[in-house]
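Engineer: In this text, residue positions in the sequence shown follow my numbering: the first is 18, and each later residue adds one. Handing you a structure now.
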Amino acid sequence: MGITIRDVAQAAGVSTATVSRALRGLPNVDEQTRLRVQRIAGDLDYVISPSASRLASGRTGSVAVITPYIARWFFSTVISGIESVLQSAGMDLLLMSVSNPDAQLRQPPAPRLRRRVDGVLVIAVPPSEPELREVIDLGMPTSLIGVSLEGVPSVTIDDVLAARIATQHLVDLGHRRIGIIGGSATNSPSTADQDRQRGFREVMSEAGLEVDPHLESTGHFTVAGGEQAMTSLLTQRNRPTAVFAMSDEMAFGAMRSLRSHGLVAGADLSLIGVDGHDMSELLDLTTVAQPVVELGRMAAETLLEQITAGTVAAAVPSCQLPTRLFVRGSTAAATG
């Protein structure tokens, strides 16, 4: 049988509680006793149990990640960034998939989080006010990824700016009939959809260009949706010479539609996306890339700061990461 905390306590002539406090660096242990306990524990090759340490500190050693999707590239890539930080910190990840992104229809998260995790990370779905209040009332450190909410630390990109960069690139190439493939035709749970629409419209207005409602289509942020949306745009009597797809996955679907119509992105119609998806370079897609892994990493680090310091929400500042335009073969100067 291995060495136990009782063996260390007996050898040091102190209580097991004193051994626990001494080895975890807690107060109310004089320095001489602390050093003696540490020396004896080392001599006996005793290492304090992580689970016992967590139990004594009132921490679970786990963080909940609430996400509307798991299989989609953006979300799985953010989660990989989160996991790398938590793993280095010796923390576990509890993945909670929100079956319905609509805040009015999903199950409140607070009851499922109570006494199970030390903090919460929410990806791209802003919690409703009642949900957020429930989490805060639990004293639960919380960080948001891809969305902003006043009083809660968040790690985001400037989605308006990302869309402006994409649209301006098409305008600078001389395109005047520019279509857009948006995320959702209804109220989206994420602000990225609305913000990217706004950035697109701002640049079009500044360039003196009309936003033709016939050149607006919806792709639901999926490859299949992007394909259907591009097919719809191509059926217009006066089709666009360029299209801004608000995500790379929708752009991939748009490329598939172009191929099925005997067209080539760049040669016959310019196409740009947003994300910096791993496949964008292989498919020669021009894109405004966001640092997706870093979004997850920084959000996890922000949350760990709160957990370590024992602070909640507004005590830790939010941050916004930069995007970058990668020009590839899917965009070209307008002709004619």
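Don't be surprised by glycine CBs; every beta carbon is placed ideally from N, CA and C.
Closest to I140 by C-alpha separation, out of V82, P170, V102, M247, would be which residue?
Structural biologist: V82
Engineer: Return the CA-CA distance between S101 and R314, expressed in angstroms with no decimal places.
Structural biologist: 7 Å
Engineer: Whole angstroms is fine: what's the gap from A155's alpha carbon to E167's?
Structural biologist: In the sequence on display, residue 155 carries Leu and not Ala. Answer to the nearest angstrom: the Cα atoms are 18 Å apart.
Engineer: What does the alpha-carbon distance come out to for the pair L122 and I162?
Structural biologist: Residue confidence is low: L122 scores 46 on pLDDT, short of 50, so the model does not pin down where it sits. Its coordinate-derived value is still stated next. The alpha-carbon atoms of L122 and I162 are separated by roughly 21 Å.
Engineer: Measuring only the C-alpha atoms, how far is T208 from Q185?
Structural biologist: Whole-angstrom Cα-Cα distance: 21 Å.
Engineer: Rounded to the nearest angstrom, how far is the Cβ of G216 from that of A180, given a contact under 8 Å?
Structural biologist: 3 Å
Engineer: Does DSSP put I96 in a helix, in a strand, or in coil?
Structural biologist: helix
Engineer: Less than 8 Å between the beta carbons of I20 and S37, yes or no?
Structural biologist: no
Engineer: When you compare the CB positions of S287 and L190, do they come within less than 8 Å of one another, or not?
Structural biologist: yes
Engineer: Given that a residue counts as buried once 16 or more other Cβ atoms are within 10 Å of its Cβ, and exposed if not, what is T352?
Structural biologist: exposed
Engineer: Kindly indicate which three-state DSSP category Q307 falls into: helix, strand or coil?
Structural biologist: Q307 falls in the coil class under three-state DSSP.
Engineer: Using the C-alpha atoms, what's the distance from D292 back to A262?
Structural biologist: 10 Å
Engineer: Are the beta-carbon atoms of V80 and V134 separated by less than 8 Å?
Structural biologist: yes
Engineer: How long is the line joining the alpha carbons of L72 and R132, rounded to whole angstroms?
Structural biologist: With a pLDDT of 48 at L72, under the threshold of 50, the predicted position of this residue should be treated as unreliable, though the coordinate-derived value follows. Going by the C-alpha atoms only, they are around 11 Å apart.
Engineer: Our contact map puts D210 next to G200 with C-beta atoms below 8 Å; I'd like the distance itself, whole angstroms only.
Structural biologist: 4 Å
Engineer: If you draw a straight line from the alpha carbon of A316 to that of Q337, how long is it in whole angstroms?
Structural biologist: 11 Å
Engineer: Would the beta-carbon of A282 fall within 8 Å of that of L187?
Structural biologist: no
Engineer: In three-state terms, what does DSSP make of R213?
Structural biologist: helix
Engineer: Taking 8 Å as the cut-off, decide whether the C-beta atoms of S114 and T84 are in contact.
Structural biologist: yes
Engineer: Whole angstroms is fine: what's the gap from V309's alpha carbon to V344's?
Structural biologist: In this structure, the straight-line span from the alpha carbon of V309 to that of V344 is close to 19 Å.
Engineer: Any idea which residues DSSP pairs I198 with across the strands?
Structural biologist: S234, A262
Engineer: Name, in chain order, the residues that DSSP records as bridge partners for T109.
Structural biologist: It is worth fixing the name first, because residue 109 is Asp in this sequence and not Thr. In the DSSP output, where bridge partners are listed per residue, D109 has S79.
Engineer: Could you say which of G279, Q307, A271 lies nearest to L358 if we only look at CA atoms?
Structural biologist: Beyond the ends of the chain as shown, which are 18 and 353, falls residue 358; an answer cannot be given.
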